[in-house]
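Enquirer:
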Amino acid sequence: MTVISGVFPGRSALPLAPDSVEYLLSERLKNATVLRADKTTKKLMEAKLYYEENINADDPYDIFLGGACTVTVIQNTGKTNGKTLYLFSDSFGRSLAPLLLSDYDKVVFYDIRYIRMSQALEIMPIEPGSDVLMAYNISAIAVSSNLQVD
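So this is what it looks like as structure tokens:
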């Protein structure tokens with residue numbers, strides 16, 4: 065466990081208590097493969113689950129999946145149930161996505177704050193019959209300008 069200040073205490077006029085960041089490791093997660101959409105080309109590039117070097121960054125939560133990204137794919141190399149989960153979320157979903165890998169062969173994470181839905185689906189289309197999870201903070205979803213919908 066690492067105690068951090070996070071993004072909001074640095075921007076707040078009020079004294080806020082520090083937060084902590086914890087992440088889990090298991091054999092399944094150690095063997096997972098991760099692909100992230102490149103910001104320029106939008107092509108999926110090799111990545112990793114946790115970027116420990118980001119713990120002291122402006123946003124320490126960038127430890128999870130390397131920070132903000134339009135589309136991230138996590139493949140469970142040890143699971144063979146054929147199930148895929150499509151997770152639509154904001155930054156909160158980056159810490160959640162690896163945990164969901166225990167029940168799926170693949171978790172596809174879309175952050176449609178940064179890309180139009182149609183463009184995200186060009187990078188990684190949804191397979192029929194798959195599971196979909198929407199995990200947004202209500203204050204983020206209440207402001208329509210936060211989401212890039214078609």
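Numbering (our numbering), first residue to last: 65 to 214.
Glycine is no exception: its CB is placed at the ideal position from the N, C-alpha and C atoms.
All values derive from a computational prediction rather than experimental measurement.
(1) Can you name, in chain order, every residue of its own chain whose Cβ lies under 7 Å from the Cβ of M188, other than the five neighbours on each side?
(2) Alpha carbons only, please: which of A161, I202, R177 and K170 is nearest the one belonging to E191?
(3) Name the DSSP beta bridge partners of F152, please?
(4) Beta-carbon within less than 8 Å of L88's beta-carbon, same chain only, minus the 5 sequence neighbours each way: which residues are those?
(5) When we look at the beta-carbon of A96 and count the other beta-carbons within 10 Å, is it buried (16 or more) or exposed?
(6) Check the C-beta distance from Y168 over to N201 and give it rounded, since I have them as a contact under 8 Å.
Expert: In short, the structure shows the following:
(1) V135, V137 and V172
(2) K170
(3) Y174 and M198
(4) P162 and L163
(5) buried
(6) Wrong, their Cβ atoms sit about 23 Å apart, outside the cutoff.
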